[in-house]
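Colleague: Mind having a look at this structure? Questions to follow.
Protein chains: 2
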Amino acid sequence: MKPILFLPVLLFILLPCSGQDTFSPAQRAEWLRKAEACKPKLSETVKTPQRLVSLNKNEDAFQGWEASAAGDINTLYTSSLKKQSGVVVDFGEHLTGHFSCHFNLAGNADSDAPVRVKFTFGEVPAELATPFDPYPGGLSRAWLQDEIVTIDCIPNSITIPRRLSFRYVKIELLAHSSFDFKISGMEVKAVTSVTGTAAPLAQGTPQAIADIDRVGLATLRECMQTVYEDGPKRDMRLWIGDLYLEALANTYSYKNHDLTKRCLYMLAGLAAPSGFLHATVFETPKPHPQTRQHILDYALLWNVALLDYLKTTGDRETAFDLWPVAAKQVEVAKTYIGDDLMYNEKPVWIFFDWRDGLNKQAPLQGLFVKTFNDTYELAKMLGKEKEVADLPGLTKKMIRVARQNLYDSKRGLVVSGPNKQVSYLSQVWMTLGGIFTPKEAQKALKNAMATPDAVYPGSPYGTHYMIEALIACGLEQEAKDYLVKYWGGMVQKGADTFWEVYDPNNDFLSPYKFFPVNSYCHAWSCTPVYFIRKYPQIFQK
Amino acid sequence: MKPILFLPVLLFILLPCSGQDTFSPAQRAEWLRKAEACKPKLSETVKTPQRLVSLNKNEDAFQGWEASAAGDINTLYTSSLKKQSGVVVDFGEHLTGHFSCHFNLAGNADSDAPVRVKFTFGEVPAELATPFDPYPGGLSRAWLQDEIVTIDCIPNSITIPRRLSFRYVKIELLAHSSFDFKISGMEVKAVTSVTGTAAPLAQGTPQAIADIDRVGLATLRECMQTVYEDGPKRDMRLWIGDLYLEALANTYSYKNHDLTKRCLYMLAGLAAPSGFLHATVFETPKPHPQTRQHILDYALLWNVALLDYLKTTGDRETAFDLWPVAAKQVEVAKTYIGDDLMYNEKPVWIFFDWRDGLNKQAPLQGLFVKTFNDTYELAKMLGKEKEVADLPGLTKKMIRVARQNLYDSKRGLVVSGPNKQVSYLSQVWMTLGGIFTPKEAQKALKNAMATPDAVYPGSPYGTHYMIEALIACGLEQEAKDYLVKYWGGMVQKGADTFWEVYDPNNDFLSPYKFFPVNSYCHAWSCTPVYFIRKYPQIFQK
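As they're listed, the protein sequences go chains A and B.
Quick note: the first sequence, position 330, residue 330 per our numbering, numbers continuous.
Quick note: the second sequence, position 452, residue 1452 per our numbering, numbers continuous.
What follows is the structure, given as structure tokens:
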């Protein structure tokens, strides 16, 4: 791919006839060229099945289904598949890659007709035990990983064309002739761009923490492909929110900083003509954004990620190069701030978490302040503070406004929106924005947690910031307890990789109205790796 | 492929430990090497759709469904596929080959999820209008040509992996996201090993004959691949019965005699250890027979085909080379002849036609005699008559026995089996075996046709021999009428290629309990090409 060649086409799409592009075509081309130069080569590791399993209904198991050992893989390989339709094979770990297998004749007969086989790949047992159709989900049914293959004649080898993400594979025979045949040689060419190895944890690290770390590392490994993907089963693309959290975890584990650099550049090169970063971009068939898809909090977190990248790597050249993008996000942010120095309700997607009903007013105020502070820090490191000279004054005022309008000093927490909602994430972002004093923050977080109807985080994404805030204000034991309870809960429920959605109270929670289409290996869930390794004094003892 | 390399393995399969091979390993290897040397290169022609069609129920149409013009293909290509799921595309002719198409975005949105599309390929309209499931058929359901494809992202191009055989393709959208997309660039890389062009028919040839000839040529072209296939949709392999009839048609049209040579050699190289030819052989993954699959009449017709090949080409080297195989088939045949010089009821598959209840005693007696006579003629041409010196005497006796036991001189026809069945094919094979005098043959054939409950041929295969017999005994007008009525009936019902099964009285006849799995382009139906061109005085005026 030669970004410089497709840029004119891209700009034609991005630019309305009368529009003006914030960044020059040459600048965008250069950013995309640099992104391409950092594209990692994927490593391939051949993985084979570990055993057969049976899927059993069990009320105590995650989502009501457990996979129990049901024999050696050779049991499957050495006798006719016709007697074993519906068999489930367990690769023993979550894998992302390309699946292939062989079909061989069994007995004396010849292959006189094609065979039709359905493979269903699942990250978790219930995914294989739940009928996909009629499909009630809110995302494309095609994300579900069931593939029907016609095998013209046997012996033969097949490879499923799409890249898959799974631990278990169910094999169902849909059509065959009278001759017998066997399946064998199942393997996955597992791919990742991870090259390094994470340093071991300190001796004496509690087992619960070690287990969480292991699953977190696997999650990150699976999501680190030619970009920081959000999840290898679904979406398979770069989102800013995932990039930031993966970069944090990568910094404390695999240290592939070029992947962070690549993603920062790619997002920059594909920003909207207004300069507003797109929330997500695609690599194929050539890098392009999801047009008009913006998430305000994600765009601001790109600045935080850039600062973090600079501090981690000392790569001033990249930070200089990308500074105009960071400055532009601040300008974009300002258009969402009213005269009262709070969010002006101008329509835009504000995310913060998968939690229905979460009011975003207070979290956004905290994020504005944090981002402006971080951007100013970045500017100072680059000698660019004159370009954003208004930021210190602005954040000071925004802090004051936040305290006046949102802080309920009697209750000792902030409330958000017209209904004065109490949520964990409102306290979290006030804390991370430095709007609370540490003591206020401690109190607010504790008060929220003690409020029975407080809105609590609905996903590992929101929960990450909860842990960050608890640590930031010195509630270290609470941070550890929360992390062990939340991520350890997934481990106890059998997670090989951490999930996109996890509510300890509802195994079936799905933002997409159908839990099998949830991603069960999701980048934004990998951050225990970061916490455990950045704060060994909290977690590794 | 190097046949000499796999031969030891092959022999290991073919030879029971204590068995003795009729042909030496070196001889088999040489025959297979010669078969491989004649393997034709397939020509590829890109074909594109001609129009859209709608499938309409119509009692008067073949199998109750007709395809009516429903617009230009660009109607499909230029607007969202999401609004056109279920569309049927017509390529305008029967094609055998590899299907591919493109998917492009429609409108501004980006491809943010995979798309799942089901393509159903049909040779005849009813095939696309009849639900395949639950599948009631007696052959593998996987022969039916419906393929489900997951397209990871759009734009993209896809190629269906399996070779297809069809005129119509139905496109159904099974899963998608909110973005719009279009399908375009549908094409088939159509394959055949035909290189030559058949000579034009005489000026003034009746239109009905010209139409039959055109459809016959298309049928033969589609079935001539790297072997004489029986049908490009189903089986896709070399059967002796099809080989013989295709070779006849080829001799009078495309004249690719090397394909005949290849098939004769391949069958010889893959004969059973006893020397008995297998009825069918496969080319992939390496040439091998359908083990223990013998059809007695097919094995004998191989001799007839070899004689015909020698007469057509003058290739004495091949005939010499393969003579031992022909001699062996006579020996095999003798083991099925009892002391009474008739079929001894030893179990073996005897085919002659797809017609339930057809008694094979009389047809087999006729075929024995014809084959022995033809083999003796072949021997004489090769100076080998001493090796089969008993044949003239044997056939003489078998003719006498046939006339004594089977000929009902009062009724003027032969009867077959314990129930004295009257069938067309009994008269046919008595005629072709020269057991009847021409006058007796005329009378017998006419009498059978005049017998209301006589068993008539159930397929174009059996019907071929009916035409051959009518011509052989001088009933030329009857032959022409029969051919025009039978094959012309298919043309009138819309055949693009001739069908495996055709009973003018039952559109839904299927030897496999489900008419959509019938082959609608079947080699053994192509022989009007042979009759029309071999006998211009009958057909081309």
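Every residue gets a Cβ at the ideal spot worked out from N, C-alpha and C, and that includes glycine.
#1: Grab the span of the beta strand (DSSP E) containing Phe1121(B) for me, first residue to last.
#2: DSSP state of Phe1023(B), grouped into three classes?
#3: Per DSSP, which one or two residues make a beta bridge with Cys101(A)?
#4: Counting only Cβ pairs nearer than 8 angstroms, list the residues of chain A close to Cys1153(B).
#5: Which residues bound the beta strand (DSSP E) around Ala1208(B)?
#6: Excluding the five sequence neighbours on either side, which residues of its own chain have a C-beta within less than 7 angstroms of the C-beta of Ile1435(B), listed in chain order?
#7: With burial defined as no fewer than 16 other Cβ atoms inside 10 Å of the residue's Cβ, what is the status of Leu10(A): buried or exposed?
#8: In angstroms with no decimal places, state the Cα-to-Cα distance between Met567(A) and Pro1287(B).
#9: In three-state terms, what does DSSP make of Ile1435(B)?
#10: Taking the alpha-carbon positions, what's the Ala1523(B) to Pro131(A) distance?
#11: If we ignore side chains and look at the alpha-carbon of each, how far apart do Leu1076(B) and Val1088(B) end up?
#12: Distance cutoff 8 angstroms, beta carbons only. Does Ala142(A) sit that close to anything in chain B?
#13: With the cut-off set at 8 angstroms, would you say Ser525(A) and Phe498(A) are in Cβ contact?
#14: Reducing DSSP to helix, strand and coil, say where Lys1034(B) ends up.
#15: If I measure Cβ to Cβ from Ala271(A) and keep anything under 6 angstroms in the same chain, skipping five residues before and after, which residues do I get?
#16: Does DSSP put Met1490(B) in a helix, a strand or coil?
#17: Could you tell me how far apart the beta carbons of Glu1222(B) and Cys1521(B) are, in whole angstroms, since I believe they sit closer than 8 angstroms?
#18: In the region 145-170 of chain A, which residues sit with their C-beta less than 7 angstroms from some C-beta in chain B, listed in chain order?
#19: Could you name the residues of the same chain whose beta carbon sits closer than 7 angstroms to that of Thr1395(B), not counting the 5 residues immediately before and after it, in chain order?
#20: Output, in sequence order along the chain, the residues in the region 396-423 of chain A whose CB is closer than 7 angstroms to any CB in chain B.
#21: Between Tyr298(A) and the rest of its own chain, which residues show a CB-CB distance below 6 angstroms, the 5 nearest in sequence each way excluded?
#22: Going by C-alpha distance, which of Leu1307(B), Gly1275(B), Thr1284(B) is nearest His1294(B)?
#23: From Gly474(A) to Val484(A), what distance separates their C-alpha atoms?
#24: At 9 angstroms on the CB atoms, spell out the chain B contacts of His288(A), in chain order.
#25: What residue ranges within the region 1123-1181 of chain B form continuous alpha helix (DSSP H) runs of no fewer than 4 residues, ordered along the chain?
#26: Whose C-alpha, out of Glu66(A), Pro125(A), Tyr135(A), is nearest the C-alpha of Phe514(A)?
#27: Consider the Cβ of Thr291(A): report whether some Cβ of chain B lies at a distance smaller than 8 angstroms.
#28: Using 8 angstroms as the Cβ pair cut-off and three pairs as the minimum, do the region 1188-1196 of chain B and the region 1139-1157 of chain B touch?
#29: Might you give, ordered along the chain, the residues of its own chain that have their beta carbon closer than 6 angstroms to the beta carbon of Ile160(A), omitting 5 neighbours on each side?
#30: In terms of residue numbering, what span does the alpha helix (DSSP H) encompassing Glu377(A) cover?
#31: Would you mind giving the Cβ-Cβ distance between Leu322(A) and Leu300(A), rounded to the nearest angstrom? I have them listed as a contact below 8 angstroms.
#32: Does the region 91-106 of chain A come within contact of the region 41-55 of chain A, defined as at least 3 CB pairs closer than 8 angstroms?
#33: Can you tell which of Asp1133(B), Leu1144(B), Asn1108(B) has the C-alpha that lies nearest to the C-alpha of Phe1119(B)?
#34: Using CA atoms only, rank isn't needed, just tell me which of Val414(A), Pro418(A), Ser184(A) is closest to Lys557(A).
#35: Hey, would you say Ala1319(B) sits closer than 8 angstroms to Trp1031(B), going by beta carbons?
#36: Please state if the CB of Tyr252(A) and the CB of Val428(A) are separated by a distance shorter than 8 angstroms.
Modeller: In this structure, then:
#1: Here the beta strand (DSSP E) through Phe1121(B) covers 1115-1122.
#2: Here Phe1023(B) sits in coil by DSSP.
#3: Ile158(A)
#4: Phe282, Thr284, Pro285
#5: Careful: Ala1208(B) lies outside any beta strand (DSSP E), inside the alpha helix (DSSP H) at 1207-1223.
#6: Excluding the 5 residues flanking it on each side, Ile1435(B) has same chain C-beta neighbours closer than 7 angstroms at Gly1366, Val1369, Ile1399, Ala1402, Arg1403, in chain order.
#7: With a pLDDT of 40 at Leu10(A), under the threshold of 50, the modelled position of that residue is not reliable, and no figure is offered here.
#8: Lying before the first or after the last residue shown, residue 567(A) is absent from chain A, which here runs from 1 to 541.
#9: coil
#10: 43 angstroms
#11: 10 angstroms
#12: yes
#13: yes
#14: helix
#15: Leu277
#16: helix
#17: 5 angstroms
#18: Of all residues in the region 145-170 of chain A, only Glu147, Ile148, Thr150, Asp152, Cys153, Pro155, Arg162 place a beta-carbon less than 7 angstroms from a beta-carbon of chain B.
#19: Val1369, Phe1372, Asn1373
#20: none
#21: Ile240, Gly241, Ala279
#22: Considering only alpha carbons, the answer is Gly1275(B).
#23: 17 angstroms
#24: Near His288(A) (Cβ distances below 9 angstroms), the residues of chain B are Asp1110.
#25: 1125-1129
#26: Tyr135(A)
#27: yes
#28: Counting Cβ pairs under 8 angstroms, fewer than three are found: no touch.
#29: For Ile160(A), where only same-chain residues beyond five positions count, the Cβ hits under 6 angstroms are Phe99, Glu147.
#30: 361-382
#31: At roughly 15 angstroms, the Cβ-Cβ gap does not stay under 8 angstroms, so Leu322(A) and Leu300(A) are not in contact.
#32: yes
#33: Leu1144(B)
#34: Absent from the model: residue 557(A). The displayed extent of chain A is 1 to 541, so no value can be given.
#35: no
#36: no
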